[in-house]
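**Q** From first to last, the protein sequence lines are chains A and B.
Residues 1 to 332 (UniProt numbering) are what the first sequence spells out, left to right.
Residues 1 to 122 (UniProt numbering) are what the second sequence spells out, left to right.
For every residue, glycine included, the Cβ atom is placed at its ideal position computed from N, Cα and C.
Please read all numbers here as calculations on a predicted model, not as lab measurements.
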Amino acid sequence: MYGGGYIFDEPNRNQLREEQQHDEPEKLAAFEERIAKGEKIEPGDWMPVEYRRQLIRLIEQHAHSEIIGALPEGTWITRAPGFKRKLALIAKVQDEIGHGQLLYNAAETLGKSREAMINDLLSGKSKYSNVFNYPAETWADVAVIGFLIDAAAIVNQVANAKGSYGPYCRALERICYEESFHLKQGHDAFIELATGTPAQKEMLQDALNRWWQPIMHFFGPPDKSSSHSEKLMQWKVKMASNDDMRNQFLESYVPKIWELGLTLPDPALRKNAETGRWEYTDPDWDEFFRVINGGGPCNMERLQVRKWAEEKGRWVRKALMKPTEKRVLPVA
Amino acid sequence: MSNDSLDPRVNRLKLGPAGEVVKVEEGENWNIYEVFHQEKRGAHHEHVGCVHAPDPQLALVFAKEQFARRKKCVNLWVVKSADILAFDVEDEDMFANNMEKTYRDASGFKVMEKINKFKQSK
């Protein structure tokens, strides 16, 4: 579901810039030529230190987002209205966990162990998509998440599936296939509320109002403030700018919201007929950074629940461990 | 942490204090198995990804859950990643095929031309 456009970066980038200078120029040229030709990079290939680092960061945070993203929706499995909605939600949450596994595997091919990634999640060093630091208060929140957050994630993932790293593209191909079901079932639940009783419409409108800002945050800060994406675009790690993805999302989905008679809490939101681009009020980016750094309503709960699961499941994992067995990274 | 989650299941857990340090040990997530998926009888088994598992039997169970919960599948194989021997990707050039090799190819043999020529000469 949930690859947000925004990849959190640790503040200290200078050290890595230095490492990057140690990449051998001929190998770098061959590597960049391969990408320019549209060829994929595979796990055993030579790659720049910075390419490897950025990919691990991107794929790992995408994986964490899948796992953490299952929590707010999982909350509603026991209270889903009706048997079909419950089955669909169980299937969706299972898919998200499966996506997390696929992505962890893709990141592992770059040399970071599953355990190291989980530890970085639990310690707060590695982030996940900011939208999951907000609570799913009503069933309408589940409909908004299933429709619009999944839609936003699809915009991002379809772009990334054309990236340069083979294992990540392969994982995304499978993920996007399953996402199409998530989006459809979300849209269906969304429409049911939008065309339902006055109380249902009101509940949906309320959820939409609360989720609009996190959704606008989803693709990350505006292009004018993001500093180092040029190289990532050339290496096909990042496939589209934050603003372009946000615009593509608005273009596809705002009409689908408006056609149901719902409103969005931004009076400035409109498509500029001349430029063809969407205009909107800048969401509160201070709030975005405050929440990503731990200040959101659910950050603590999400991580504490993950820690609980790791701790309580440890005895099972350890009982089955074979510490002397040879371990290697995934092959592909 | 205070129990004020929207999720009654979370409220029933005894969650640790905020900032609690939990660490997973290397190896705790077991070993890695590559998964091969057969879509229908008569088809090849194709590599689809991998799973973490403590032994081959559980790897099969996880592989079924991960790679066969939707689309058609009639069989799965799992192989420990460590047991796979592959060429180094950097040696890709050894597969380069720039010599004249049409003698290995059906397209290298043009029988119709000869047959037609023979028929016309009669």
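From what residue to what residue does the beta strand (DSSP E) around E34/B run?
**A** N31 to Q38
**Q** Taking 6 Å as the limit between beta carbons, can you name the residues of its chain near N105/A, skipping five residues before and five after?
**A** P330
**Q** E11/B touches chain A at which residues, Cβ-Cβ below 7 Å?
**A** Reading off the sequence, residue 11/B comes out as Asn, not Glu. The contacting residues do not exist; N11/B stays about 10 Å from chain A at best.
**Q** Cβ atoms of G69/A and E96/A: under 9 Å apart, would you say?
**A** yes
**Q** So is K72/B buried or exposed if we call it buried at 16+ other beta carbons inside 10 Å?
**A** exposed
**Q** In the DSSP assignment, find the beta strand (DSSP E) that holds L76/B and state where it starts and stops.
**A** N75 to K80 is the extent of the beta strand (DSSP E) around L76/B.
**Q** Beta-carbon within less than 7 Å of N14/A's beta-carbon, same chain only, minus the 5 sequence neighbours each way: which residues are those?
**A** With a pLDDT of only 43 at N14/A, under the threshold of 50, the placement of this residue in the model should not be trusted; the figure read from the coordinates follows. Excluding positions up to five away in sequence, the list is empty.
**Q** Can you tell which of L122/A, R85/A and R52/A has the C-alpha that lies nearest to the C-alpha of K307/A?
**A** Distance from the Cα of K307/A is smallest, within the candidate group L122/A, R85/A and R52/A, for L122/A.
**Q** Between which two residues does the alpha helix (DSSP H) harbouring H64/A extend?
**A** V49 to G74
**Q** For chain A, is any of its Cβ atoms less than 9 Å away from the one on S107/B?
**A** no
**Q** Measuring alpha carbon to alpha carbon, tell me which of L103/A, K231/A, W212/A and R114/A ends up nearest E173/A.
**A** Among L103/A, K231/A, W212/A and R114/A, the Cα nearest to that of E173/A belongs to L103/A.
**Q** With a cut-off of 8 Å, do at least 3 Cβ pairs link the stretch 278-292 of chain A to the stretch 212-229 of chain A?
**A** yes
**Q** With 9 Å as the threshold, decide whether the Cβ of A136/A is near any Cβ in chain B.
**A** At least one chain B Cβ lies under 9 Å of A136/A.
**Q** So does the stretch 145-152 of chain A actually touch the stretch 180-196 of chain A, counting three or more Cβ pairs closer than 8 Å?
**A** yes
**Q** Step through the CB atoms of chain B and report whether any lies within less than 9 Å of the CB of W235/A.
**A** no
**Q** CB-CB under 8 Å to N272/A, same chain, minus the five flanking residues each way: which ones, in chain order?
**A** W278 and E279
**Q** When DSSP labels each residue in this structure, what does A96/B get in the three-state scheme?
**A** coil
**Q** Where does C298/A fall in DSSP's three states?
**A** coil
**Q** What number of angstroms, rounded off, separates the C-alpha of K224/A from the C-alpha of D243/A?
**A** 9 Å
**Q** Quick check: what's the CA-CA separation for D91/B versus V49/A?
**A** 21 Å
**Q** Please tell me whether Y305/A has its Cβ less than 9 Å away from any Cβ of chain B.
**A** Here the sequence assigns Val to residue 305/A, which means Tyr is not the residue at that position. Closer than 9 Å to some Cβ of chain B, the Cβ of V305/A qualifies, so yes.
**Q** Taking 9 Å as the CB-CB cut-off, is N247/A touching chain B?
**A** no
**Q** Comparing C-alpha positions only, which one of L6/B, N75/B, L58/B and E100/B sits nearest to R41/B?
**A** Relative to the Cα of R41/B, the nearest Cα in the group L6/B, N75/B, L58/B and E100/B belongs to N75/B.
**Q** Please confirm whether E25/B and E60/A have their CB atoms less than 9 Å apart.
**A** no
**Q** Given a limit of 9 Å on CB to CB distance, which residues of the stretch 39-57 of chain B reach chain C?
**A** Reference to chain C is not applicable here, since the protein chains of this structure are A and B.
**Q** By a C-beta neighbour count over all protein chains shown, 10 Å radius and 16 as the cutoff for buried, is M1/A buried or exposed?
**A** Caution is warranted here: a pLDDT of 49 is assigned to M1/A, below 50, making its placement in the model unreliable, and no coordinate value can be reported.
**Q** Along the chain, where does the alpha helix (DSSP H) that runs through V142/A open and close?
**A** W139 to V144
**Q** Could you tell me which residues DSSP puts in a beta bridge with R270/A?
**A** Its beta-bridge partners are E279/A.
**Q** With a threshold of 9 Å between beta-carbons, can R290/A be considered close to chain B, or not?
**A** no
**Q** Taking 9 Å as the threshold (beta carbon to beta carbon), is A82/B in contact with chain A?
**A** yes
**Q** Is any beta-carbon of chain B found at less than 9 Å from that of I68/A?
**A** no
**Q** Under the rule that 16 or more other beta-carbon atoms within 10 Å means buried, what is M94/B, buried or exposed?
**A** Per the 10 Å Cβ criterion, exposed.
**Q** For V48/B, which three-state DSSP category applies?
**A** strand
**Q** What residues match up with I41/A in a beta bridge as DSSP calls it?
**A** DSSP output for I41/A lists Y165/A as bridge partner(s).
**Q** Name the DSSP bridge partner or partners of A53/B?
**A** A53/B is bridged to N31/B.
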